[in-house]
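**Q** Please find one structure pasted underneath; my questions will follow.
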Amino acid sequence: MKRKVRLGLVGVASGCALLLAGCADGGDGDDRKAKPTKDSAAGDAQGAPTGEESSTEGTVLATAKDGDVTVTVTSANRDQGGFVTLTGSLTNNGSRAWYAEDWQSAETELASNGVSMAGASLVDEEGKKRYLVLRDTNGRCLCTKFSRVAAGESADWYAQFPAPAEDATEVKFQVGSMPPATVQLSAGE
Numbered sequence: 654m655k656r657k658v659r660l661g662l663v664g665v666a667s668g669c670a671l672l673l674a675g676c677a678d679g680g681d682g683d684d685r686k687a688k689p690t691k692d693s694a695a696g697d698a699q700g701a702p703t704g705e706e707s708s709t710e711g712t713v714l715a716t717a718k719d720g721d722v723t724v725t726v727t728s729a730n731r732d733q734g735g736f737v738t739l740t741g742s743l744t745n746n747g748s749r750a751w752y753a754e755d756w757q758s759a760e761t762e763l764a765s766n767g768v769s770m771a772g773a774s775l776v777d778e779e780g781k782k783r784y785l786v787l788r789d790t791n792g793r794c795l796c797t798k799f800s801r802v803a804a805g806e807s808a809d810w811y812a813q814f815p816a817p818a819e820d821a822t823e824v825k826f827q828v829g830s831m832p833p834a835t836v837q838l839s840a841g842e
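The numbering used here puts the first residue of the sequence shown at 654, with every later residue one more than the last.
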């Protein structure tokens with residue numbers, strides 16, 4: 654009888670150890686927040702400028718404007734893993750701080766991401782498909798989170814989507830109340 658109890662306890666202890674190991678996040682932290690540019694207040698809770706230079710460089714592939722906010726897409730790369738990564742910048746040309754409340758996703762799982770690019774989508778009009786932002790195993794979007802963007806400041810952003818069919822070379826990118834912007838996809842890397 655004692656042997657059965659010991660074996661049972663060993664089994665329970667092993668199961669608990671596996672369960673706890675599966676819950677670990679690797680300790681890398683959440684580095685998906687907006688990377689503030691030299692004028693940006695988007696990435697920290699207090700909204701203080703950081704003095705860093707902008708890391709978004711390159712050609713502007715598309716621009717969308719809604720009120721005082723302008724979003725530019727500077728890259729749209731197909732990756733071998735079967736996804737597309739879009740990067741760009743967001744500029745607040747207004748006189749007040751901007752909060753991306755209407756950019757939140759309506760999807761239940763992504764709604765907890767808060768103010769982010771989680772509400773963005775790509776539309777392949779020819780293939781008649783809409784692609785939503787990818788998420789990790791914890792339900793967090795594979796995209797930039799924003800706290801706010803102060804008046805006259807900018808923030809870099811990224812968002813990852815499932816890749817459209819290989820023959821799709823053009824998609825419409827939309828987030829929030831921005832009008833759709835046509836983006837040319839690059840070939841796989």
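Backbone N, C-alpha and C define an ideal beta-carbon position, used for all residues, glycine too. Since the model is a prediction, treat every value here as computed from it, not as a measurement.
Quick check on the DSSP output: the beta strand (DSSP E) that includes W810 runs from which residue to which?
**A** If you number the sequence shown from 1, residue 810 lands on position 157. First-last of the beta strand (DSSP E) with W810: 807 to 815.
**Q** May I ask you to check if the CB of S774 is nearer than 7 Å to at least one heavy atom of the ligand PLP?
**A** You won't find the ligand PLP in this model; it holds no ligand whatsoever.
**Q** Would D777 and P817 qualify as a contact pair, given that the criterion is a beta-carbon distance under 8 Å?
**A** As a first step, residue 777 must be located in the sequence shown, where it is residue number 124. As a first step, residue 817 must be located in the sequence shown, where it is residue number 164. Their beta carbons are under 8 Å apart, which means D777 touches P817 by this criterion.
**Q** Based on the DSSP output, what are the partners of F736 in its beta bridges?
**A** As a working mapping, residue 736 is identified with position 83 in the sequence shown. D732, P815, per the DSSP bridge assignment.
**Q** Secondary structure at A771, three-state DSSP: helix, strand or coil?
**A** As a first step, residue 771 must be located in the sequence shown, where it is residue number 118. Residue state, collapsed to three classes: helix.
**Q** Have a look at the DSSP bridge pairing and note the partners of E823.
**A** The sequence position of residue 823 within the sequence shown is 170, counting from 1. Per DSSP, Q837.
**Q** Is the region 806 to 813 touching the region 729 to 742, taking contact as three or more C-beta pairs under 8 Å?
**A** Contact between the region 806 to 813 and the region 729 to 742 is present: three or more C-beta pairs spanning the two stretches fall below 8 Å.
**Q** Using a 10 Å radius around the Cβ and a threshold of 16 neighbouring Cβ atoms, would you call N745 buried or exposed?
**A** The residue labelled residue 745 in the question sits at position 92 within the sequence shown. N745 should be labelled buried.
**Q** Within a Cβ cutoff of 7 Å, which residues of the same chain sit near G780, ignoring the five residues on either side of it in sequence?
**A** Taking the first residue of the sequence shown as position 1, residue 780 is located at position 127. Excluding sequence neighbours, G780 sits near P817, A818, A821.
**Q** With 16 other CB atoms within 10 Å as the buried threshold, where does L671 fall?
**A** Here residue 671 refers to the residue found at position 18 when the sequence shown is read from its first residue. Because the pLDDT at L671 is just 38, under 50, the model does not fix this residue reliably, and the value given afterwards should be weighed accordingly. It is exposed - the Cβ of L671 has fewer than 16 other Cβ atoms within 10 Å.
**Q** Need the endpoints of the beta strand (DSSP E) that T797 sits in, please.
**A** Indexing the sequence shown from 1 puts residue 797 at position 144. No beta strand (DSSP E) contains T797, which DSSP labels as neither H nor E.
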